[in-house]
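S.K.:
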Amino acid sequence: MKKLINNPTNVVDEMIEGYIKAHPNHVKQLAENKRSIVTAKETKDGKVGVLIGGGSGHEPAFMGYVGEGMADAVAVGNIFASPPPDPILEATRVIDKGAGVLYIYGNYAGDVMNFGMAAELADLEHGIQVGTVLVTDDVASAPKEEKEKRRGIAGEFFVTKVAGAASEKGYSLEELVSVANKANDYTRSMGVGLTPCSLPQTGQPSFELGENEMEIGLGHHGEPGVEKGELKTADEVAERLVADILVDMPIAEGEDVAVLVNGLGSTTRMELYIMFRKVEKMLSEKGITIHRSYVGDYSTSLEMGGCSVSIMKLDDELKELVDQTADCPMYVQK
Amino acid sequence: MKFTAKDLLTYLKNVVEVMEENKDYLCELDRKLGDGDHGVTMSIGWQAINEKLQDELKDEEDCGRICITTGRTFLSAVGSSVGPLYATGFLRGAKVVQNKTEVTGEDVKEFWIAFIEGIKERGQAEVGDKTMVDTLQPALESLKELQSTEDFVEGFAKVVAAAKTGMESTKDLLSKRGRSSRLGERSIGNQDPGATSAYLILETFHQTITANQTV
């Protein structure tokens with residue numbers, strides 16, 4: 596393992612320090628908690644705050660999504676570990692403009708406990724109403740009947756995009772929870788892993804894969820997938836991912852979707868576009884229109900090799916929200 | 050048995066050392082089941098507690114306050130899933146020993162019962178799920194059977210033995226909670242890292258009270 600770091604213990608705090616210094620017009624760090632980052636722009640009174648968060652190591656998720664049209668704050672955890680309640684609570688206090696705060700995070704045991712405790716404390720100690728939306732987009736992580744058990748992966752980008760746009764448009768907390776839940780219900784993702792990542796603190800690979808192997812359906816912390824096998828071509832992999840997504844969430848001819856082909860860290864844009872090429876071909880052959888496409892690193896797993904494909908089915912409301920502009924340090928949409 | 054706030058601080062200091070010694074071992078266990086950082090996570094938490102032990106808690110005489118600071122410190126440093134679990138354990142335990150500078154064997158027994166029940170309530174895991182509960186539940190049952198007439202240190206040895214059997218049982222179990230639950234059959238054969246660190250926490254307590262009695 597080779598990494599450009601100093602002391603492995605300090606990677607998260609030093610990353611945040613650099614991030615804040617690099618983007619002072621977009622974000623600021625709270626004095627109360629160095630793991631709480633909020634938008635530098637003054638948000639409107641009555642706007643529902645959107646708070647995201649999770650472990651580090653997924654950059655640009657989650658801190659790269661704080662800005663206009665996306666999240667108002669992020670709580671940053673240790674590598675691949677949920678943030679504790681403190682930074683969540685401090686950020687909640689700052690972004691509450693009297694209309695409550697929406698928490699969006701992936702469905703992981705640690706996140707559920709920490710964000711859950713923060714939500715209770717926000718209500719108890721500060722009288723702030725908190726709504727919660729758990730992202731459960733990974734089709735490979737549990738059967739369809741148990742969607743509520745699924746983990747959240749790159750599709751969280753879509754849920755955050757929709758919620759961020761809706762909160763700017765003045766949705767109430769209740770409406771925001773509902774539309775963000777819809778975005779989650781309409782989003783499916785599935786990934787493929789080619790090479791593992793290594794945690795800065797241990798230097799050890801998070802899982803093992805042979806030189807000619809790939810793992811279909813793996814999670815973005817290296818959780819095992821549904822199938823380990825010989826490395827296939829990009830077309831074959833894309834076919835598998837899209838086919839599994841469409842079995843899980845049928846999309847009719849004539850419907851519109853947003854597509855995200857997300858790199859896991861060390862996969863080149865060249866490969867991601869080759870993957871997208873096939874995804875687009877499959878969808879257009881079925882008469883499905885890609886209304887918006889996103890290709891690049893949106894939710895990584897340190898330097899893991901591989902990618903995920905996310906598809907969000909769009910109705911009129913979601914289409915309008917996806918189209919809204921956004922301006923974050925690591926994501927801009929005009 | 051005599052157990053003072055000072056002994057509690059010694060115990061916590063001992064856990065700091067034990068977690069540091071077992072850091073790589075716990076990571077190794079976790080690599081087979083999770084993302085391989087359980088030892089790092091425990092170390093981050095206990096090192097943060099270590100700082101408090103050397104500073105704010107150095108002369109603290111209220112066992113309750115020591116536990117509250119320990120729980121909150123661990124949670125703030127760690128997050129993750131073990132953060133809320135152990136924080137809940139220490140906070141529930143704190144209620145039992147609050148405003149006490151010295152506690153009895155009976156208090157210690159009630160402390161650990163509250164500690165374990167708190168963790169179970171927060172995490173909602175069951176025996177057989179391949180988690181720390183597989184270590185803690187048999188310890189809890191053994192604790193409840195402790196008679197006030199028997200020697201506490203000897204009694205606690207039985208608690209630790211039950212915990213050990215529970216920890217070792219995780220080797221043959223299928224993961225059902227957390228990230229490793231997706232492993233299915235592949236999780237069998239590996240001891241759970243969370244069950245292992247939970248055992249270390251209990252075992253270190255036994256070591257501490259044993260050393261305490263011999264002086």
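So the protein sequences, as listed, match chains A and B. Quick note on our numbering: the first sequence kicks off at 596 and runs consecutively. Quick note on our numbering: the second sequence kicks off at 50 and runs consecutively. Each residue gets a CB set at the ideal place from its N, CA and C atoms; glycine is no exception.
I need the straight-line Cα distance from V856(A) to S903(A), nearest angstrom please.
M.R.: Sequence index remark: in the first sequence, residue 856(A) carries index 261 (1-based). Sequence index remark: in the first sequence, residue 903(A) carries index 308 (1-based). Straight-line Cα distance between these residues: approximately 6 Å.
S.K.: Could you check the C-alpha separation between S125(B) and P679(A) for me, to the nearest Å?
M.R.: The count along the second sequence starts at 1 and reaches residue 125(B) at position 76. The count along the first sequence starts at 1 and reaches residue 679(A) at position 84. Rounded to the nearest angstrom, the two C-alpha atoms are 5 Å apart.
S.K.: What's the gap between the Cα of L189(B) and the Cα of M925(A)?
M.R.: Start at 1 with the first residue of the second sequence, and residue 189(B) comes out as number 140. Start at 1 with the first residue of the first sequence, and residue 925(A) comes out as number 330. Spanning the two alpha carbons is a distance of roughly 49 Å.
S.K.: State yes or no: is the C-beta of D892(A) within less than 8 Å of the C-beta of G860(A)?
M.R.: Residue mapping note: residue 892(A) aligns to position 297 of the first sequence, counting from 1. Residue mapping note: residue 860(A) aligns to position 265 of the first sequence, counting from 1. Yes, they are a contact pair.
S.K.: By Cβ distance below 7 Å, which residues in the same chain neighbour T122(B) in space, the five residues on each side in sequence not counted?
M.R.: Taking the second sequence and counting its residues from 1, one reaches residue 122(B) at position 73. If we look at T122(B) and ignore the five residues flanking it on each side, its Cβ neighbours are A97, I98 and K101.
S.K.: Residues in the same chain with beta-carbon distance under 6 Å from K220(B), minus the five sequence neighbours each way, listed in chain order, please.
M.R.: Along the second sequence, one-based indexing puts residue 220(B) at 171. Once the five neighbours on either side are set aside, the close Cβ partners of K220(B) are Q240.
S.K.: Of the residues that make up the stretch 66–90 of chain B, which ones have a beta carbon closer than 7 Å to any beta carbon in chain A?
M.R.: If the cut-off is 7 Å between Cβ atoms, the stretch 66–90 of chain B has C76, R80, D84, G85, D86, V89 and T90 near chain A.
S.K.: Under the assumption that D851(A) contacts T884(A) (Cβ atoms under 8 Å), give the Cβ distance between them as a whole number of angstroms.
M.R.: In the first sequence, residue 851(A) corresponds to position 256, counting from 1. In the first sequence, residue 884(A) corresponds to position 289, counting from 1. At roughly 5 Å, the Cβ-Cβ gap stays under 8 Å, so D851(A) and T884(A) are in contact.
S.K.: Does any residue of chain B bring its CB to less than 8 Å from the CB of Q799(A)?
M.R.: Sequence index remark: in the first sequence, residue 799(A) carries index 204 (1-based). It does: the Cβ of Q799(A) has a partner Cβ on chain B nearer than 8 Å.
S.K.: Specify whether the stretch 820–827 of chain A and the stretch 903–914 of chain A touch according to this definition: at least 3 beta carbon pairs, one from each stretch, less than 8 Å apart.
M.R.: Output reads no: the stretch 903–914 of chain A does not touch the stretch 820–827 of chain A.
S.K.: Given this structure, state the Cα-to-Cα distance separating V152(B) from V645(A), to the nearest angstrom.
M.R.: Stepping through the second sequence from its first residue, residue 152(B) is reached at position 103. Stepping through the first sequence from its first residue, residue 645(A) is reached at position 50. So the alpha carbons of these two residues sit roughly 47 Å apart.
S.K.: Among the residues of its own chain, which have a CB less than 7 Å from the CB of A666(A), if the five just before and after it don't count?
M.R.: Taking the first residue of the first sequence as position 1, residue 666(A) is located at position 71. Around A666(A): V645, L646, I647, Y660, T755 and G759.
S.K.: Can you pull the chain B neighbours of D839(A), defined as C-beta to C-beta under 9 Å?
M.R.: Translated into positions along the first sequence, residue 839(A) becomes position 244. Near D839(A) there are no residues of chain B at all, since even the closest Cβ is about 15 Å away, more than 9 Å.
S.K.: Using a Cβ-Cβ cutoff of less than 7 Å, which residues in the same chain neighbour D706(A) once the five nearest sequence positions on both sides are dropped?
M.R.: Taking the first residue of the first sequence as 1, we reach residue 706(A) at position 111. So the list reads G649, S677 and Y700, once near-sequence residues are dropped.
S.K.: Since K213(B) is in the alpha helix (DSSP H), which residue starts that stretch and which ends it?
M.R.: For the purposes of this step, residue 213(B) is identified with residue 164 of the second sequence, where counting begins at 1. Note, K213(B): alpha helix (DSSP H), F201 to S218.
S.K.: Quick one: using the 10 Å Cβ neighbour count with 16 as the cut-off for buried, is Y766(A) buried or exposed?
M.R.: One-based indexing of the first sequence puts residue 766(A) at position 171. It counts as buried.
S.K.: Just the Cα atoms here: how many angstroms apart are A244(B) and V182(B)?
M.R.: Here residue 244(B) is taken as the residue at index 195 of the second sequence, counted from 1. Here residue 182(B) is taken as the residue at index 133 of the second sequence, counted from 1. For A244(B) and V182(B), the distance between alpha carbons rounds to 7 Å.
S.K.: Do H886(A) and L867(A) come within 8 Å of each other at the CB atom, strictly closer than that value?
M.R.: The residue you call residue 867(A) lines up with position 272 of the first sequence. The residue you call residue 886(A) lines up with position 291 of the first sequence. No.
S.K.: Which class does F254(B) belong to by DSSP, given the choice of helix, strand or coil?
M.R.: As a first step, residue 254(B) is located in the second sequence; it is residue number 205 there, counting from the start. Helix.
S.K.: With contact counted as at least three CB pairs below 8 Å, one residue from each stretch, are the stretch 737–745 of chain A and the stretch 154–168 of chain B in contact?
M.R.: No: the two stretches stay apart, fewer than three of their Cβ pairs being nearer than 8 Å.
S.K.: Which of the three DSSP states is assigned to E785(A) in this structure?
M.R.: As a position in the first sequence, residue 785(A) is number 190, starting the count at 1. Position check: residue 785(A) holds Met in this sequence, whereas Glu was assumed. M785(A): strand per DSSP, three-state reduction.
S.K.: What do you reckon, are the CB atoms on Q796(A) and P655(A) nearer than 8 Å?
M.R.: Here residue 796(A) refers to the residue found at position 201 when the first sequence is read from its first residue. Here residue 655(A) refers to the residue found at position 60 when the first sequence is read from its first residue. It is not a contact, given that the beta carbons lie outside the stated cut-off.
S.K.: Quick check on L794(A) - is its C-beta less than 8 Å from some C-beta in chain B?
M.R.: For the purposes of this step, residue 794(A) is identified with residue 199 of the first sequence, where counting begins at 1. Yes, its Cβ sits closer than 8 Å to a Cβ of chain B.
S.K.: Counting only beta-carbon separations shorter than 8 Å, does A717(A) have a partner in chain B?
M.R.: On the first sequence, residue 717(A) is found 122 positions in, with the first residue counted as 1. Output row for A717(A): interface = no.
S.K.: In chain order, what residues of the same chain have a beta carbon less than 8 Å from the beta carbon of Y614(A), not counting five sequence neighbours either side?
M.R.: Against the first sequence, residue 614(A) aligns to sequence position 19. For Y614(A), where only same-chain residues beyond five positions count, the Cβ hits under 8 Å are V622, I632, M658 and P924.
S.K.: Could you check what DSSP says for A275(B) in three-state terms: helix, strand or coil?
M.R.: Lying outside 50 to 264, the shown extent of chain B, residue 275(B) is not represented and no answer is given.
S.K.: I want to see whether chain A comes within less than 8 Å of S224(B), judged by CB atoms only; does it?
M.R.: For the purposes of this step, residue 224(B) is taken as residue 175 along the second sequence, with counting starting at 1. No, because no Cβ of chain A sits closer than 8 Å to the Cβ of S224(B).
S.K.: Below 8 Å on the Cβ atoms is my contact criterion, and I expect M785(A) with I840(A) to pass it. Report the Cβ-Cβ distance as a whole number of Å.
M.R.: By 1-based counting over the first sequence, the position of residue 785(A) is 190. By 1-based counting over the first sequence, the position of residue 840(A) is 245. About 6 Å; that satisfies the 8 Å criterion.
S.K.: Quick one: which residues of the stretch 92–103 of chain B get their C-beta closer than 9 Å to a C-beta of chain A? List them in chain order.
M.R.: Those would be S92, I93 and Q96, in chain order.
S.K.: Quick one: Cα of G900(A) to Cα of G858(A), how far?
M.R.: Numbered from 1 along the first sequence, position 305 holds the residue referred to as residue 900(A). Numbered from 1 along the first sequence, position 263 holds the residue referred to as residue 858(A). Using only the alpha carbons, I get a separation of about 8 Å.
S.K.: Tell me the residue span of the alpha helix (DSSP H) that contains A760(A).
M.R.: Looking up residue 760(A) in the first sequence gives position 165. Residues E751 to E763.
S.K.: Note down, one range per segment and in chain order, each beta strand (DSSP E) of at least 3 residues found wholly within the stretch 680–742 of chain A.
M.R.: 696–701 and 725–730, all fully within the stretch 680–742 of chain A.
S.K.: Looking only at its own chain, which residues have a Cβ that is under 6 Å from the Cβ of M68(B), when we skip the five neighbours before and after it?
M.R.: As a position in the second sequence, residue 68(B) is number 19, starting the count at 1. Only M91, S92 and W95 meet the Cβ criterion.
S.K.: Under 8 Å: do the stretch 804–821 of chain A and the stretch 109–119 of chain B share three or more Cβ pairs, one atom per stretch?
M.R.: Touching, no.
S.K.: List the residues of chain A that P133(B) touches, going by C-beta distances under 7 Å, in chain order.
M.R.: For the purposes of this step, residue 133(B) is taken as the residue at position 84 of the second sequence. Residues of chain A passing the Cβ test: M708, N709 and M712.
S.K.: Within 8 Å of any Cβ in chain A, is that where the Cβ of V152(B) sits?
M.R.: Locating residue 152(B) in the second sequence gives position 103, where the first residue counts as 1. Output row for V152(B): interface = no.
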